[in-house]
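First up is the structure itself, then whatever we jot down about it.
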Amino acid sequence: MMSGVTNAETSPATNGVQTAAVTKAAATSLISGIDMQNIDSSVRPQDNFYNYVNGKWLEKTEIPADKSSWGAFYELREKSLDDLHNIVNRVSQEKDTKAGSNEQQIADLYASYMDEPALEKLGTKPLTNEFAEINALKDKKQIPALIAHLSRIGVTVPYDLNIHQDAKDSTKQIADLGQSGLGMPDRDYYLKNDDVKLKETRAKYLAHIEKMLAMSGDKNAKANAASILGLETELAKVQWTKVENRDPVKTYNKVELADLNKLAPGYNWDGYLTGAGLKDKVDYVVVSQPSYIKGYDQVLQKTPLSTWKLYFKWHVLSDFASKLSKEYVDEHFAFYGTTLRGIPQNEPRWKRGVLTVEGAVGEGLGKLYVAEYFPPENKARMEKLVANLIAAYQKSVDTLDWMGPETKKQAQKKLSTLMTKIGYPDKWRDYSSLTIKRDDLVGNVMRANDFEFQRNINKLGKPVDRAEWGMTPQTVNAYYNPELNEVVFPAAILQPPFFNAQADDAVNYGAIGAVIGHEISHGFDDQGSQYDEVGNLRDWWTKEDHKNFEVKTKALVAQYSAYSPVPGYNVNGELTLGENIADNSGLAIAYKAYQLSLGGKPAPVIDGLSGNQRFYLGFGQVWRSKIRDAQAIVYVKTDPHSPAQFRGNGTVENQPGFYEAFGVKPGDKMYRAPEERVIMW
Numbered sequence: 029m030m031s032g033v034t035n036a037e038t039s040p041a042t043n044g045v046q047t048a049a050v051t052k053a054a055a056t057s058l059i060s061g062i063d064m065q066n067i068d069s070s071v072r073p074q075d076n077f078y079n080y081v082n083g084k085w086l087e088k089t090e091i092p093a094d095k096s097s098w099g100a101f102y103e104l105r106e107k108s109l110d111d112l113h114n115i116v117n118r119v120s121q122e123k124d125t126k127a128g129s130n131e132q133q134i135a136d137l138y139a140s141y142m143d144e145p146a147l148e149k150l151g152t153k154p155l156t157n158e159f160a161e162i163n164a165l166k167d168k169k170q171i172p173a174l175i176a177h178l179s180r181i182g183v184t185v186p187y188d189l190n191i192h193q194d195a196k197d198s199t200k201q202i203a204d205l206g207q208s209g210l211g212m213p214d215r216d217y218y219l220k221n222d223d224v225k226l227k228e229t230r231a232k233y234l235a236h237i238e239k240m241l242a243m244s245g246d247k248n249a250k251a252n253a254a255s256i257l258g259l260e261t262e263l264a265k266v267q268w269t270k271v272e273n274r275d276p277v278k279t280y281n282k283v284e285l286a287d288l289n290k291l292a293p294g295y296n297w298d299g300y301l302t303g304a305g306l307k308d309k310v311d312y313v314v315v316s317q318p319s320y321i322k323g324y325d326q327v328l329q330k331t332p333l334s335t336w337k338l339y340f341k342w343h344v345l346s347d348f349a350s351k352l353s354k355e356y357v358d359e360h361f362a363f364y365g366t367t368l369r370g371i372p373q374n375e376p377r378w379k380r381g382v383l384t385v386e387g388a389v390g391e392g393l394g395k396l397y398v399a400e401y402f403p404p405e406n407k408a409r410m411e412k413l414v415a416n417l418i419a420a421y422q423k424s425v426d427t428l429d430w431m432g433p434e435t436k437k438q439a440q441k442k443l444s445t446l447m448t449k450i451g452y453p454d455k456w457r458d459y460s461s462l463t464i465k466r467d468d469l470v471g472n473v474m475r476a477n478d479f480e481f482q483r484n485i486n487k488l489g490k491p492v493d494r495a496e497w498g499m500t501p502q503t504v505n506a507y508y509n510p511e512l513n514e515v516v517f518p519a520a521i522l523q524p525p526f527f528n529a530q531a532d533d534a535v536n537y538g539a540i541g542a543v544i545g546h547e548i549s550h551g552f553d554d555q556g557s558q559y560d561e562v563g564n565l566r567d568w569w570t571k572e573d574h575k576n577f578e579v580k581t582k583a584l585v586a587q588y589s590a591y592s593p594v595p596g597y598n599v600n601g602e603l604t605l606g607e608n609i610a611d612n613s614g615l616a617i618a619y620k621a622y623q624l625s626l627g628g629k630p631a632p633v634i635d636g637l638s639g640n641q642r643f644y645l646g647f648g649q650v651w652r653s654k655i656r657d658a659q660a661i662v663y664v665k666t667d668p669h670s671p672a673q674f675r676g677n678g679t680v681e682n683q684p685g686f687y688e689a690f691g692v693k694p695g696d697k698m699y700r701a702p703e704e705r706v707i708m709w
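Position one of the sequence shown corresponds to residue 29 (my numbering), numbered consecutively onward.
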């Protein structure tokens, strides 16, 4: 049973446990939606809410051997994978599927992945043409065209091309060039010499490169591996940090095509622009990190052509290793799975096959997934919940202490134009021109990557498609896009414990409601607030608003920077700031929306829990998670989200409703004095 309800409902003699009589009096046909078997009653929610909600689950759960983490999100991802596997198996048994149909592409791509005997015979032969093209380089002037080609087929190169809305003119699509080119997750893995774990990983990466090169027939694998690591280290030195890259103003640098030579004098931009398909389609590009492009050009000039050839061949081999014969699959996993993320064993081949199909023809698979696994009534109930969330935001804007009257008007305008997408797109992507063959796995993946690359290039010069989705319906996630001012919730996340159609609303508002609130709040966090209601990068806040907001965000940076998931590795409060703002804002708004949904009526008591308790428990249980230390370190270095336990505990510590629901008082470990609580909304 629960402990720590609000003062009005608490009996000190029972530490806040609801009586059976009260429970019966408030009986309801809907379930609570709380996983009662996971609650650890030996822990007081006032001392460690996260462990109270999830303690039994944490105690009994082992991370599966093929995973780096495990929890509510991952359980749903596994369910989604099982559902997709059922679809793939069914489609694979169909006869005479039409060439170019979703069914033909799904069945043949999956078959090409699962044909291990054929892949064993091939070895690295599927990469022969790419190696030959790299070997044929005679001059560094040819490198930009090669980079364009390799980008098209999905190979890691020193800079990436991204097509998206122009942040200064949301009616246009632009080309954006940004830093890339590393084989490890972040520049710190190359540059931090005072971190023993990162130095060990670097040494293992060097050994991994050497082994892979030797396997592919390189007689000078040791020396060549050192050259490759040296080149990547030089690129890492000139890269921007993850925190620097969070600034949408600093990363918006409009450069006319004719002025690209000022960034990299003598660089063959014409070769790159032609190869990438940008020539005659754009007059300018946005360069996210101008100093990186300058630094990359300097590295290019001082590094021998022979080393660049090694670098490009290495990334072709590495990026397609998981689609080759078993020895390459195993060695690739040994580094990227075990060394980097601490995962003991690879996923079963069928899972990797389904994920390959998902990566190539995701919406084709999604169309079949929605038809089979997403009931229309779920969408209708979600639409009502979202409407309450937006209404709660609209009411809250007028009460904010950090936003002035003029800014509040603009905020209301932004809320009124917010677009919500739930479940699946209204228009499905057409993959009919993509060629998929049953006996050409690597070719299939290359062609799928090139198809997606060209699909994006084709957007240039055309009106922005506001109906497009950035995630497939089978993705267990959600997002806010500031350039479209939209929130998107794929079908796969709309399942327990995030959304439970059989449960009373309290748990749904605490779970998916907080997720929705989280995503909407990104429109008003330190990044999203810099975009207006139509998606243009425009400062619509006053100086005073910025000052007031900064006071609150500084407190959040300090709060989360104190958390440490692995000894010696603290959360980066600046890197995670936007997501921490969103967690705190989303939960606060979801609570207000839940109160609105009650329409002034008392919430039923279910499983001995008040409505407000179920609301916070619904939030707490979605963050149940276990993670391997190696993966936790990767996340600390690269992920803008805080670790799950700190999202579960750190967020509720700032919520006045939580204190009331569980009777949290001075002296309790979860207690923060009112003046220390960061209240955004």
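Just so you know, even glycine gets a beta-carbon here, dropped at the ideal spot from N, CA and C.
{"query": "Exposure of A55, with buried meaning 16 or more beta-carbon neighbours within 10 Å", "result": "For A55, the pLDDT reaches just 41, beneath the cut-off of 50, and the residue's location in the model is therefore unreliable, although a value from the coordinates is still provided. With fewer than 16 other Cβ atoms within 10 Å, it is exposed."}
{"query": "Contact belief for L446 with V515 at Cβ below 8 angstroms, rounded distance in angstroms", "result": "7 angstroms"}
{"query": "Cα-Cα separation between G245 and E238, rounded to whole angstroms", "result": "11 angstroms"}
{"query": "Whole-angstrom distance between T366 and V492, CA atom to CA atom", "result": "42 angstroms"}
{"query": "L615 versus K412 - alpha carbon distance", "result": "18 angstroms"}
{"query": "Best match in V425, D533 and V692 for proximity to G646 [C-alpha to C-alpha]", "result": "D533"}
{"query": "Beta-carbon spacing of K220, L226 below 7 angstroms", "result": "yes"}
{"query": "For Q555, the three-state DSSP class (helix, strand or coil)", "result": "coil"}
{"query": "Contact set for Q373: own chain, Cβ-Cβ below 7 angstroms, skip 5 residues either direction", "result": "A93 and D94"}
{"query": "Pair within 7 angstroms by beta-carbon distance, V382 and L147", "result": "no"}
{"query": "Through-space distance from R105 to Y663, alpha-carbon basis", "result": "19 angstroms"}
{"query": "Cβ shell of G606 (< 8 angstroms), same chain only, five flanking positions each side left out", "result": "R274, H550, D553, D554, Q555, G556 and P668"}
{"query": "Proximity to E386 [Cα-Cα], best of E547, T503 and L469", "result": "T503"}
{"query": "R494, buried or exposed, once every other Cβ within 10 Å from all chains shown has been counted against 16", "result": "exposed"}
{"query": "Of the residues K322, E547, L263 and L626, the one placed nearest T448, counting alpha carbons only", "result": "E547"}
{"query": "Cα-Cα separation, D696 to F77", "result": "11 angstroms"}
{"query": "Under 7 angstroms between C-beta atoms of S670 and Y588", "result": "yes"}
{"query": "Rounded distance between the beta-carbons of P172 and Y295, thought under 8 angstroms", "result": "7 angstroms"}
{"query": "Y507 - DSSP class collapsed to helix/strand/coil", "result": "strand"}
{"query": "When G628, P404, S140 and G211 are compared against T184, the one with the closest alpha-carbon", "result": "G211"}
{"query": "The region 346-355 in contact with the region 282-298 per 3-pair CB rule at 8 angstroms", "result": "no"}
{"query": "Alpha-carbon to alpha-carbon, Y622 and Y537", "result": "6 angstroms"}
{"query": "Close-in-space but distant-in-sequence residues of the same chain around E260 (CB under 8 angstroms, 5 per side omitted)", "result": "G209, L210, G211, M212, Y218 and Y339"}
{"query": "Where L234 falls: helix, strand or coil (DSSP)", "result": "helix"}
{"query": "Cβ pair Y644, A672 closer than 7 angstroms", "result": "no"}
{"query": "M708 versus D68 - alpha carbon distance", "result": "31 angstroms"}
{"query": "Alpha carbon of A660 to alpha carbon of W85, nearest angstrom", "result": "19 angstroms"}
{"query": "Where the beta strand (DSSP E) through M515 begins and ends", "result": "The question names Met, but residue 515 is Val in the sequence shown. First-last of the beta strand (DSSP E) with V515: E514 to P518."}
{"query": "Rounded Cβ spacing between H236 and E359 (contact assumed at less than 8 angstroms)", "result": "7 angstroms"}
{"query": "Identified DSSP bridge partners for L615", "result": "For L615, which the question treats as bridged, DSSP gives no partner whatsoever."}
{"query": "Of the listed residues I464, F479, W456 and A520, nearest to W497 (C-alpha basis)", "result": "W456"}
{"query": "Pick from L257, A519, S638 and S60 that is closest to R409, judged by C-alpha positions", "result": "A519"}
{"query": "Environment of V579 [buried if 16+ CB atoms lie within 10 Å]", "result": "exposed"}
{"query": "Beta-carbon gap between L488 and Q193 smaller than 7 angstroms", "result": "no"}
{"query": "Counted within 10 angstroms of its Cβ, other Cβ atoms place S15 as buried (16 or more) or exposed", "result": "Since the first residue of the chain shown is 29 and the last is 709, residue 15 is not available in this structure."}
{"query": "Local conformation of P702 per DSSP, three classes", "result": "helix"}
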